[in-house]
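Visitor: Note that the UniProt record's numbering has the sequence shown beginning at 1, numbered continuously upward. Think of the CB as a built atom: it goes at the ideal place given N, C-alpha and C, for glycine as much as any other residue.
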Amino acid sequence: MQIDEEDEINNNSPYLRAQRLIMTSVLGFALLGLALIAGPCVAFIPIGGGSSTHVSITGMALLGKVKEVCQAVADEGGYEFKPTGSSPEELVQGCLGPTATGIVSGAKFHTALQEIYTQNGLVDRDFSNSAPHHFNSETFNEGRGLILEGMGAIKANIRSESYKAAREALGRVLHTLQDFYSHSNWVELQNTEPYINLLRPDLPLDNLADVNTPTCSDCESGSCPNPILPNILREKKLTSGYMGVYFSSKPKGKCSHGGKGDLTSTIVPRGGISKDERRFDNIAAHNAAVNLATSASTQLLEDIVLAVGNKEFLKMMGIARSSVVCFVIDTTGSMSDDIAEARKVVYEIIDSKKGTQDEPSEYILVPFNDPDFGPMFRTEDPDKMKKAISDLKPRGGGDIPEMCLSALQLALTGAPSSSHIYVFTDAAAKDIELKDTIAALIRTSKSTVSFFMTSRSKKRRRRATSSAFDAYKELALASGGQAIEVSKKQLPQATGVIRDTSTSALVGLSCSTDL
1 MQIDEEDEIN NNSPYLRAQR LIMTSVLGFA LLGLALIAGP CVAFIPIGGG SSTHVSITGM
61 ALLGKVKEVC QAVADEGGYE FKPTGSSPEE LVQGCLGPTA TGIVSGAKFH TALQEIYTQN
121 GLVDRDFSNS APHHFNSETF NEGRGLILEG MGAIKANIRS ESYKAAREAL GRVLHTLQDF
181 YSHSNWVELQ NTEPYINLLR PDLPLDNLAD VNTPTCSDCE SGSCPNPILP NILREKKLTS
241 GYMGVYFSSK PKGKCSHGGK GDLTSTIVPR GGISKDERRF DNIAAHNAAV NLATSASTQL
301 LEDIVLAVGN KEFLKMMGIA RSSVVCFVID TTGSMSDDIA EARKVVYEII DSKKGTQDEP
361 SEYILVPFND PDFGPMFRTE DPDKMKKAIS DLKPRGGGDI PEMCLSALQL ALTGAPSSSH
421 IYVFTDAAAK DIELKDTIAA LIRTSKSTVS FFMTSRSKKR RRRATSSAFD AYKELALASG
481 GQAIEVSKKQ LPQATGVIRD TSTSALVGLS CSTDL
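1. For Pro204, which of helix, strand or coil comes out of DSSP?
2. Who are the Cβ neighbours of Lys430 in its own chain at under 7 Å, not counting the five residues just before and after it?
3. Return the chain-ordered list of same chain residues with a C-beta closer than 6 Å to the C-beta of residue 519, the five sequence neighbours on each side being excluded.
4. Since Lys236 and Asn207 are thought to touch, with beta carbons under 8 Å apart, how far apart are those beta carbons, to the nearest angstrom?
5. State whether the stretch 183–200 contacts the stretch 342–351, with contact taken as three or more CB pairs (one from each stretch) at a distance under 8 Å.
6. At which residues does the beta strand (DSSP E) containing Arg378 begin and terminate?
7. What does DSSP give as the partner residue(s) for Tyr422 in the beta ladder?
8. Which first and last residues belong to the beta strand (DSSP E) in which Ser487 is found?
9. Where does Tyr246 land, buried or exposed, given buried means 16+ other C-beta within 10 angstroms?
10. Would you kindly check if the distance between the Cβ of Leu477 and the Cβ of Ile438 is under 9 Å?
11. Between Tyr117 and Lys315, which are expected to be in contact by the criterion C-beta below 8 Å, what is the C-beta distance as a whole number of angstroms?
12. For a test of the three-state rule: what should DSSP assign to Leu238, helix, strand or coil?
13. Among Pro375, Thr331, Lys275 and Thr84, which residue has its Cα nearest to the Cα of Ala427?
14. Using DSSP with H/G/I as helix, E/B as strand and the rest coil, what is Pro230?
15. Look up Phe373 in the DSSP assignment and say whether it is helix, strand or coil.
16. First and last residue of the alpha helix (DSSP H) that includes Glu312?
17. Assuming Tyr117 is part of the alpha helix (DSSP H), what are its boundary residues?
18. Using a Cβ-Cβ cutoff of less than 7 Å, which residues in the same chain neighbour Glu90 once the five nearest sequence positions on both sides are dropped?
19. Under three-state DSSP, which class holds Ser256?
20. Reducing DSSP to helix, strand and coil, say where Phe135 ends up.
21. Would you mind working out which of Glu362, Leu63 and Arg200 sits nearest Leu146, comparing C-alpha positions?
22. Which class does Val187 belong to by DSSP, given the choice of helix, strand or coil?
23. What are the uninterrupted segments assigned as alpha helix (DSSP H) that are 4 or more residues long and contained completely in the stretch 71–103, given in chain order?
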């Protein structure tokens, strides 16, 4: 965002420096994509030059609102929001709070910003000749309609956890909202606050210049500071420039958008009122439009936050605690059907969550047999977890009890806090003496443990119910998980529980390790 040298000095606070540094690190991806956008420029310059851009305006509003929401979440949670630095990773770490220990990635935050920036810029390509998308040609009611429709879609998508769709809609809506301030005469009317009516369906759009009212004087040079007619300014009439991408016609006496891409700008009254670019003749007007567009974008974001809540907004922005899914699987000879079902469930979880906000940040597998358990296998690569599960082979297992709790102990000590752990077995625990240790680990790790115990026979099922299953049930209830005892034929139905609980309440960027 380019501003005057004096403004740069006055605004060179640590807060603004931090925002600029964060923006710099995330703009590269967006700029590369937007540089490929074809078509005439009909809005704030998408990616650069000597002017403020849609990316810089959107970035300032988003990062400011993210920090506000992070502060609110911290206040609510009773911890201090104090990022250790200005990188996205450090912002995410500070936002998630003191329990987000270990390696924290800003990748999903980067991705969220990139998606918003890209869709914002694509409005110029995909809707270059649509006046309402840019508030051109005095299409104020239609432009507001697009904003209100888009805001409704954003909120609905967040509530349905369609975060990518919400981000894309947000990028498009912000473009249209921002264009109002550079394409209309709101700045020339000496307004210093955003036009809140654009975000409020209950408020009318007043004092609009009709199609027969002349609004501009002729500007032969094409570069006049304020060609708006004095009576329009005096009567506070709202107008915007007409834009001709393919045709050069406009109503008599109307303002043009202006610039090389506007075919109407050579028709009297010549020139234009666009404040998209920063020129020698419009520095103050351009800066005013940028400030208003940024404030208006912040207002829109605040409306979304109030509608969906702080944590849901952060989820949309890719800032939330991640889930880790851990499978503890009995590999004795009698478990062949159970292993096959576990494999199917793991595959389904991976495939259904891949690329979404609910994608686990890590997968862990702990096999156990008798007398062995482990080793622990962990990976962030879903395909590697698929292969590890497919490589499990049932073998051995002479006497019925197995080393279940030893394997669970390994999982609890190796997995991050608040993980989801699923235990598949058809046998009692041979190491029942570890029960109290497991209970203590569950309390400290805050992980959820669910048991799926299948029976080999009705007689054995009765024995398990009175001993092993009761122990498993107590541990599951202590963790907030479930203990389900079924026949092997019923296991496919029971594993639906895993699909329903395979993601945490907050899923996103943090990969913490509390050992």
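Guide: Let me lay it out:
1. coil
2. Asp370, Pro401, Glu402 and Met403
3. Outside the modelled stretch of the chain, which goes from 1 to 515, sits residue 519, for which no answer is possible.
4. 6 Å
5. A contact is defined here as three or more CB-CB pairs under 8 Å, and the stretch 183–200 fails this definition with respect to the stretch 342–351.
6. Here the beta strand (DSSP E) through Arg378 covers Phe377 to Thr379.
7. Phe327 and Ser450
8. Ala483 to Ser487
9. Answer is exposed; the Cβ neighbour count stays below 16.
10. no
11. Between Tyr117 and Lys315 a beta carbon distance of about 19 Å is seen, past the 8 Å cut, so the two are scored as non-contacting.
12. Leu238 falls in the strand class under three-state DSSP.
13. Thr331
14. helix
15. strand
16. Asn310 to Met316
17. Ala107 to Asp126
18. Pro83 and Thr84
19. strand
20. coil
21. Arg200
22. Residue state, collapsed to three classes: coil.
23. Fully enclosed alpha helix (DSSP H) runs of 4 or longer: 88–96.
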